[in-house]
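Undergrad: For reference, the structure I am asking about is given below.
Numbering (the working numbering), first residue to last: 8 to 464.
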């Protein structure tokens, strides 16, 4: 080949033309078979999640290598997209992002042939390749805005109800919860911390919600009283409610800046194993502004319950999920609808038509930020089911794909806010009266309680 290169300087014009054509053919061959296959429309991740699209929240545009700090800009003003950004060049190619209809969803390791799907034709979960799981893989900061006035008040509410104790001394908890509870004031020292007991809960109901006293007094199950009161206190005062076995891993300040109400999906494996449904909304942690209409609906529904059965989960996670669906007009069929057209880190499932930043909306975050670890009860079941899922339903196969890719044990990332320890505090088989109790003031000296004459003090 090198010998032929000298012919480009030959005096014979015909020989020079043939030589140039030969070299051009060789160059095209190299480009076609060696360079072109390595080019992907979407950049690959370096880690083992390269086959899953990583949606950068609402507005991240860089995610530079060697840093964890994406640069942010207003995504609503973006019309053109840098489609290449090849290393070694300073000339990015631009395309009109408003005309994009197809999405590279795989980019499998070890291959160069990406699979494309038509985003405009996706309506239901089964329209999405299994390798996309139930939500985008994210490793960026939680969506937030810069503001001095949070949309959700900086209040932390926790509850422990000792059913037959209505004295001043009931502001104490089993000592096993201390390690979790103390993490909230540690990371959120400027937040107000409120603790609710049987006595203070009933006082609040008498003053603000007498229509709920019948339900509260009829139930003999402490967890039902606790379920009711978490809805009441967040509705009345706003803020965060968290079960006592929840740990805080970093400041929650930015969580309160962009959305007016945030409810958290549990790990998708749990909803599938428990109920064979694509998602479930637990009530163990949630954040809302006060007087949010969603919680108003929840309380109104509870007030209409005529028969109070001794079922610990009566107004628990399944009830909370059904109320979420009712509020957003999500039918049984809609549970399997998806929306992946937006640039968001939120799970794919359909969440209704209210814009997520509306004052009456409910935002659903990616599980990576809050509740990412599947229930320990499901470890063996998932392992057994996913050993050979070839004849399983599509939703089981999707779960198994996620399990194979991520494993069962999920370590928190740098962007994780909360962890749940699964201490089964709702379990009626546990005799909590025999446990050692400690005063809440020992955990949080600045704890505040409800007073009938002064409301919150």
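Heads up, the beta-carbon is just placed ideally off N, CA and C, and yes, glycines get one too.
Given the structure is predicted, the values throughout are model-derived calculations rather than measurements.
#1: Expressed to the nearest angstrom, what Euclidean distance is found between the alpha-carbon atoms of residue 447 and residue 179?
#2: Using 8 Å for Cβ pairs, my map puts residue 423 next to residue 375. What's the rounded Cβ distance?
#3: Just to confirm the assignment, what range does the beta strand (DSSP E) spanning residue 329 have?
#4: Relative to the ligand FMN, is the shortest distance from any of its heavy atoms to the C-beta of residue 295 smaller than 6 Å?
#5: Alpha carbon to alpha carbon, how far is residue 360 from residue 391? Give it in angstroms, no decimals.
#6: Would you list, in sequence order, the uninterrupted beta strand (DSSP E) runs of no fewer than 3 residues that lie entirely inside the region 363 to 434?
#7: So for residue 153, helix, strand or coil by DSSP?
#8: Taking the C-alpha atoms as reference points, what is the distance between residue 199 and residue 454?
#9: Three or more C-beta pairs under 8 Å: does that hold for the region 130 to 145 against the region 403 to 416?
#10: So what does DSSP say about residue 80, is it helix, strand or coil?
#11: What beta strand (DSSP E) runs, 3 residues minimum, are completely inside the region 180 to 212?
#12: For residue 131, is the classification buried or exposed, using 16 other Cβ atoms within 10 angstroms of its Cβ as the cut-off for buried?
#13: Residue 304: which of 250, 242, 273 sits nearest, CA to CA?
#14: Can you give the Cα-Cα distance for residue 135 and residue 285, rounded to whole angstroms?
#15: Three-state secondary structure (DSSP) at residue 254?
#16: Does the beta-carbon distance from residue 163 to residue 272 come in below 7 Å?
#17: Taking one C-beta from the region 140 to 155 and one from the region 256 to 264 each time, how about it: are there three or more such pairs within less than 8 Å?
#18: Between residue 401 and residue 143, how many whole angstroms is the CB-CB distance? I'm expecting something under 8 Å.
#19: Exposed or buried, what is residue 287 when buried is set at 16 or more other beta-carbons lying within 10 Å of its beta-carbon?
#20: Need the endpoints of the alpha helix (DSSP H) that residue 356 sits in, please.
#21: Alpha carbons only, please: which of 308, 227, 295, 368 is nearest the one belonging to residue 318?
#22: Is it the case that the Cβ atoms of residue 347 and residue 301 are separated by a distance below 7 Å?
#23: Taking C-beta to C-beta, are residue 211 and residue 377 nearer than 7 Å?
#24: Start and end of the beta strand (DSSP E) containing residue 292?
#25: Pick from 33, 441, 426, 380: whose alpha carbon is nearest that of residue 417?
#26: So, at 6 Å on beta carbons, what are the nonlocal neighbours of residue 278 in its own chain, with the 5 sequence-adjacent residues on each side left out?
#27: Taking 6 Å as the limit between beta carbons, can you name the residues of its chain near residue 64, skipping five residues before and five after?
#28: So if DSSP puts residue 246 in a beta bridge, which residue, or which two residues, is it bridged to?
#29: Kindly indicate the opening and closing residues of the alpha helix (DSSP H) around residue 223.
#30: Alpha carbon to alpha carbon, what distance is there between residue 207 and residue 404?
#31: Using a Cβ-Cβ cut-off of 8 Å (strictly less than) and excluding sequence neighbours within five positions of residue 215, which residues of its own chain qualify?
#32: Which residue from 281, 299, 311 puts its Cα closest to that of residue 325?
#33: Please classify residue 105: is it buried, with 16 or more other beta-carbons within 10 angstroms of its beta-carbon, or exposed?
#34: Is the Cβ-Cβ distance between residue 232 and residue 450 less than 7 Å?
#35: Would you please state the rounded distance, in angstroms, between the beta carbons of residue 329 and residue 222? I believe it to be under 8 Å.
#36: Against chain D, does residue 398 count as a neighbour if the rule is that its beta carbon must be under 7 Å from one of theirs?
TA: With the given structure in hand:
#1: Translated into positions along the chain shown, residue 447 becomes position 440. Translated into positions along the chain shown, residue 179 becomes position 172. Taking the straight line from one Cα to the other gives about 5 Å.
#2: Indexing the chain shown from 1 puts residue 423 at position 416. Indexing the chain shown from 1 puts residue 375 at position 368. Residue 375 and residue 423 do touch by the CB rule: their CB atoms are close to 7 Å apart, below 8 Å.
#3: Locating residue 329 in the chain shown gives position 322, counting from the first residue. Where residue 329 is concerned, there is no enclosing beta strand (DSSP E), although the alpha helix (DSSP H) around it starts and stops at 324 to 334.
#4: Summarising the ligand content, the structure contains no ligands, and the ligand FMN is consequently not present.
#5: Sequence index remark: in the chain shown, residue 391 carries index 384 (1-based). Sequence index remark: in the chain shown, residue 360 carries index 353 (1-based). Distance from the CA of residue 391 to the CA of residue 360, rounded to the nearest whole angstrom, comes to 38 Å.
#6: Fully contained in the region 363 to 434 are the following beta strand (DSSP E) runs of length 3 or more, in chain order: 425 to 427.
#7: Translated into the one-based positions of the chain shown, residue 153 becomes position 146. The answer is coil: DSSP assigns residue 153 none of H, G, I, E or B.
#8: Within the chain shown, numbered from 1, the residue matching residue 199 stands at position 192. Within the chain shown, numbered from 1, the residue matching residue 454 stands at position 447. Take the alpha-carbon of residue 199 and the one of residue 454: they are about 8 Å apart.
#9: Three or more Cβ pairs drawn from the region 130 to 145 and the region 403 to 416 lie within less than 8 Å of each other, which places the two stretches in contact.
#10: Position 73 of the chain shown, counting from 1, holds the residue named residue 80. Note that residue 80 has pLDDT 40, beneath the 50 cutoff, so the model's placement of it is unreliable and the number below is only indicative. Residue state for residue 80 is assigned as coil, using DSSP reduced to three classes.
#11: As far as the region 180 to 212 is concerned, its whole beta strand (DSSP E) runs of at least 3 residues are 199 to 203.
#12: Here residue 131 is taken as the residue at index 124 of the chain shown, counted from 1. Result: exposed.
#13: In the chain shown, residue 304 corresponds to position 297, counting from 1. Checked all of 250, 242, 273; the closest Cα to residue 304 is 242.
#14: Within the chain shown, numbered from 1, the residue matching residue 135 stands at position 128. Within the chain shown, numbered from 1, the residue matching residue 285 stands at position 278. Roughly 13 Å between the two C-alpha positions.
#15: For this step, residue 254 is matched to residue 247 along the chain shown. Strand at residue 254.
#16: As a working mapping, residue 163 is identified with position 156 in the chain shown. As a working mapping, residue 272 is identified with position 265 in the chain shown. No, the pair does not count as a contact, with Cβ atoms beyond the cut-off.
#17: Proximity of the region 140 to 155 to the region 256 to 264 meets the contact definition, three or more beta-carbon pairs being nearer than 8 Å.
#18: Here residue 401 is taken as the residue at index 394 of the chain shown, counted from 1. Here residue 143 is taken as the residue at index 136 of the chain shown, counted from 1. Actually they are not in contact, since the Cβ atoms of residue 401 and residue 143 sit about 19 Å apart, beyond 8 Å.
#19: As a first step, residue 287 must be located in the chain shown, where it is residue number 280. Looking at its Cβ environment, which holds 16 or more other Cβ atoms inside 10 Å, residue 287 is buried.
#20: One-based indexing of the chain shown puts residue 356 at position 349. Counting along the chain, residue 356 falls outside any alpha helix (DSSP H), and DSSP gives it neither H nor E.
#21: Mapped onto the chain shown, residue 318 falls at position 311. Here the closest residue by C-alpha is 227.
#22: Indexing the chain shown from 1 puts residue 347 at position 340. Indexing the chain shown from 1 puts residue 301 at position 294. No; because the gap between Cβ atoms is not below 7 Å, this pair is not in contact.
#23: Translated into positions along the chain shown, residue 211 becomes position 204. Translated into positions along the chain shown, residue 377 becomes position 370. Contact check for residue 211 against residue 377 fails: the beta carbons are separated by 7 Å or more.
#24: For this step, residue 292 is matched to residue 285 along the chain shown. Residue range 292 to 295 is occupied by the beta strand (DSSP E) that includes residue 292.
#25: In the chain shown, counting from the first residue as 1, residue 417 sits at position 410. Sorting 33, 441, 426, 380 by C-alpha distance to the C-alpha of residue 417 places 380 at the top.
#26: On the chain shown, position 271 is the one that residue 278 refers to. Close CB contacts of residue 278 within its chain, under the 6 Å cut and outside five residues either way in sequence, are with 284, 286, 287 (chain order).
#27: Residue 64 sits at position 57 when you count from the first residue of the chain shown. Unreliable placement is indicated for residue 64, whose pLDDT of 41 sits below 50; no coordinate value is reported for it.
#28: Numbered from its first residue, the chain shown carries residue 246 at position 239. 295, per the DSSP bridge assignment.
#29: Residue numbering aside, residue 223 sits at position 216 when the chain shown is read from its first letter. Run containing residue 223: 220 to 225, per the alpha helix (DSSP H) assignment.
#30: Taking the chain shown and counting its residues from 1, the one referred to as residue 404 is at position 397. Taking the chain shown and counting its residues from 1, the one referred to as residue 207 is at position 200. When rounded, the separation of the alpha-carbon atoms in residue 404 and residue 207 is 47 Å.
#31: Taking the chain shown and counting its residues from 1, the one referred to as residue 215 is at position 208. So the qualifying residues of the chain are 239, 243.
#32: Indexing the chain shown from 1 puts residue 325 at position 318. Distance check between residue 325 and each of 281, 299, 311 places 281 closest, using alpha-carbon atoms only.
#33: The count along the chain shown starts at 1 and reaches residue 105 at position 98. Because the pLDDT at residue 105 is just 37, under 50, the model does not fix this residue reliably, and the value given afterwards should be weighed accordingly. The C-beta of residue 105 has fewer than 16 other C-beta atoms within 10 Å across all chains shown, which makes the residue exposed.
#34: Counted from its first residue, the chain shown places residue 232 at position 225. Counted from its first residue, the chain shown places residue 450 at position 443. Going by C-beta atoms, residue 232 is not nearer than 7 Å to residue 450.
#35: Here residue 329 refers to the residue found at position 322 of the chain shown. Here residue 222 refers to the residue found at position 215 of the chain shown. Going by Cβ atoms, the distance from residue 329 to residue 222 rounds to 17 Å, so no, they are not a contact pair.
#36: This model lacks chain D altogether; it includes just one protein chain.
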